[in-house]
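Q: Residue numbers (this note's numbering): 51 to 460. Note that CB positions come from ideal geometry on N, CA and C, so glycine has one too. Have a look at the structure that comes next, please.
Okay, here's the thing in structure tokens:
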């Protein structure tokens, strides 16, 4: 592959397009909401902002009764909150294999003094539902207290059919709680906590929720809260029972991150203003355009989808395999510095083998086509063979889908 080629140092002209799968672009309305002075803790606006986030997240998660707990943290923080609340020291969780992020959650769980059972992960495929059912059936003593599921693995770009997984768990009769990580899918794909009978759902602010990194959250049903109440494991900051309060200071175990809370409240308002059905359709259409471009590029034989099953390809992020020996970091640098398009490398076992295109959050057809054009130009600069009709296929995919009627078109 060709050596790295970048433009000289200087200011960025125009707007650099951000197409990582997180962080994602932050709408101006969210930035404006965050651009205000802090308030004293007795100001009623503090409580109203927190309540807007709690109510908005329940609406987005389609849950009526779940408690929502907000943390000044990233997704790894709320992973830890789940572990500390649900599992006693030495307690066990089943973590189905999805790739880098299921394994990261498993390793973090073990580092906290708990046990983890894993199901095998086959590259390019979603969770092996049969393997999950088998692991639960073999747990005759019901030592597994919870199944920790990553809905969309942000590294692989593969999503799992949660309804099918829930049904498989039910068929075993095992009492383990169903815990779902929606960090990479919430706000991009529909999710119905109550209908799915998920006991705990966790997410973070910097992806489909269109906010800066810094807020993690969990939604917890009565069964999970009861398990946490009976759990003797020591904890303080992460403790759901301690945080269940009407007082903002108790809800955050200290001072609330007011600017981030205001931003999240504004972002949720934007999603509801657009209409959730329109939000999900917009993400589906943008993902379809990206998939069309990758299909065109791959016709030269060098690039390919990592996700083998088209039905499991995420609406949030697409992972693209590259030829052995490709300098992915150099490719990304060319795209970012020369063509003003920032996308991501792959993580864990895919590091150096793939790159990732984020198409979630505050994105539209224009930003998506600009992203694809910048990536195609960078691929050409780096001498990676590609089919030359990638952009044409993406344009055709967008032209053949109906316009999404957002608030500006209503």
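Which two residues bound the contiguous alpha helix (DSSP H) that contains residue 425?
A: Segment 415 to 431, the alpha helix (DSSP H) holding residue 425.
Q: Pairs of beta-carbons, one from the stretch 253 to 266 and one from the stretch 274 to 282, closer than 8 Å: are there three or more?
A: The stretch 253 to 266 vs the stretch 274 to 282: no contact.
Q: Taking 9 Å as the cut-off, decide whether the C-beta atoms of residue 247 and residue 216 are in contact.
A: Yes.
Q: Would residue 315 and residue 116 qualify as a contact pair, given that the criterion is a beta-carbon distance under 9 Å?
A: No. Outside cutoff.
Q: For my contact list, residue 206 and residue 369 are in at a C-beta cut-off of 8 Å; report their separation, rounded to the angstrom.
A: Right, the Cβ-Cβ distance comes to about 6 Å (below 8 Å), so this counts as a contact.
Q: Could you check what DSSP says for residue 143 in three-state terms: helix, strand or coil?
A: Reduced to three states, the DSSP call for residue 143 is strand.
Q: I'd like the span of the alpha helix (DSSP H) that includes residue 66, first residue to last.
A: No alpha helix (DSSP H) contains residue 66, which DSSP labels as neither H nor E.
Q: Rounded to whole angstroms, what's the CA-CA distance from residue 253 to residue 267? Just pull it up for me.
A: About 5 Å.
Q: Hey, out of 192, 113 and 156, whose CA is closest to residue 251's CA?
A: The shortest Cα separation from residue 251 among 192, 113 and 156 belongs to 113.
Q: Kindly indicate the opening and closing residues of the alpha helix (DSSP H) around residue 100.
A: That run of the alpha helix (DSSP H) goes 94 to 111.
Q: Identify the continuous alpha helix (DSSP H) that holds residue 151 and give its terminal residues.
A: 150 to 161 is the extent of the alpha helix (DSSP H) around residue 151.
Q: Determine the closest residue to residue 138 out of 281, 161, 226 and 196, with distance taken between C-alpha atoms.
A: For the residues 281, 161, 226 and 196, the minimum Cα distance to residue 138 belongs to 281.
Q: Would you mind sorting residue 121 into buried or exposed? The rule is 16 or more other CB atoms within 10 Å of its CB.
A: Residue 121 should be labelled buried.
Q: Mind checking residue 74: buried by the 16 CB within 10 Å criterion, or exposed?
A: Looking at its Cβ environment, which holds 16 or more other Cβ atoms inside 10 Å, residue 74 is buried.
Q: Would you kindly check if the distance between the Cβ of residue 131 and the Cβ of residue 288 is under 9 Å?
A: Their beta carbons are under 9 Å apart, which means residue 288 touches residue 131 by this criterion.
Q: Taking the continuous beta strand (DSSP E) assigned at residue 436, which residues delimit it?
A: Premise fails: residue 436 is in no beta strand (DSSP E) and is neither H nor E.
Q: For the alpha helix (DSSP H) containing residue 218, name the first residue and the last one.
A: Note, residue 218: alpha helix (DSSP H), 212 to 222.
Q: Excluding sequence positions up to five away, which residues of its chain have a Cβ less than 8 Å from the Cβ of residue 57?
A: Unreliable positioning characterises residue 57 in this predicted model, as indicated by a pLDDT of 45, which lies under 50. A coordinate reading is not provided.
Q: Taking its Cβ as the centre, do 16 or more other Cβ atoms sit within 10 Å of residue 157, making it buried, or is it exposed?
A: Exposed is the call here.
Q: Taking the alpha carbon of residue 173 as the reference point, which residue from 427, 418, 403 and 440 has its own alpha carbon closest?
A: Here the closest residue by C-alpha is 403.
Q: Is it right to say residue 458 is buried, meaning 16 or more other beta carbons lie within 10 angstroms of its own, or is it exposed?
A: Its pLDDT being 48, under 50, residue 458 is placed unreliably in this model, and the value from its coordinates should be taken loosely. Result: exposed.
Q: Have a look at residue 294 and residue 88 and give me their C-alpha separation to the nearest angstrom.
A: For residue 294 and residue 88, the distance between alpha carbons rounds to 24 Å.
Q: With a threshold of 6 Å on Cβ separation, who are the neighbours of residue 230 within its own chain once the five nearest residues in sequence on each side are excluded?
A: Excluding positions up to five away in sequence, the list reads 199, 201, 248 and 251.
Q: Helix, strand or coil: which one does DSSP assign to residue 165?
A: The answer is strand: DSSP assigns residue 165 an E or B state.
Q: Does DSSP put residue 132 in a helix, a strand or coil?
A: Residue 132 falls in the helix class under three-state DSSP.
Q: Taking all protein chains shown into account, decide if residue 170 is buried (16 or more other Cβ within 10 angstroms of its Cβ) or exposed.
A: So residue 170 counts as exposed.
Q: Hey, residue 144 and residue 226 are a contact pair by Cβ (cut 8 Å); roughly how many whole angstroms apart?
A: That pair is a contact at about 7 Å.
Q: Quick one: grab the DSSP three-state call for residue 209.
A: In this structure, residue 209 counts as strand in the three-state DSSP scheme.
Q: Within a Cβ cutoff of 6 Å, which residues of the same chain sit near residue 437, ignoring the five residues on either side of it in sequence?
A: Only 346, 347, 349 and 350 meet the Cβ criterion.
Q: In this structure, how does DSSP classify residue 299 when only helix, strand and coil are distinguished?
A: In this structure, residue 299 counts as helix in the three-state DSSP scheme.
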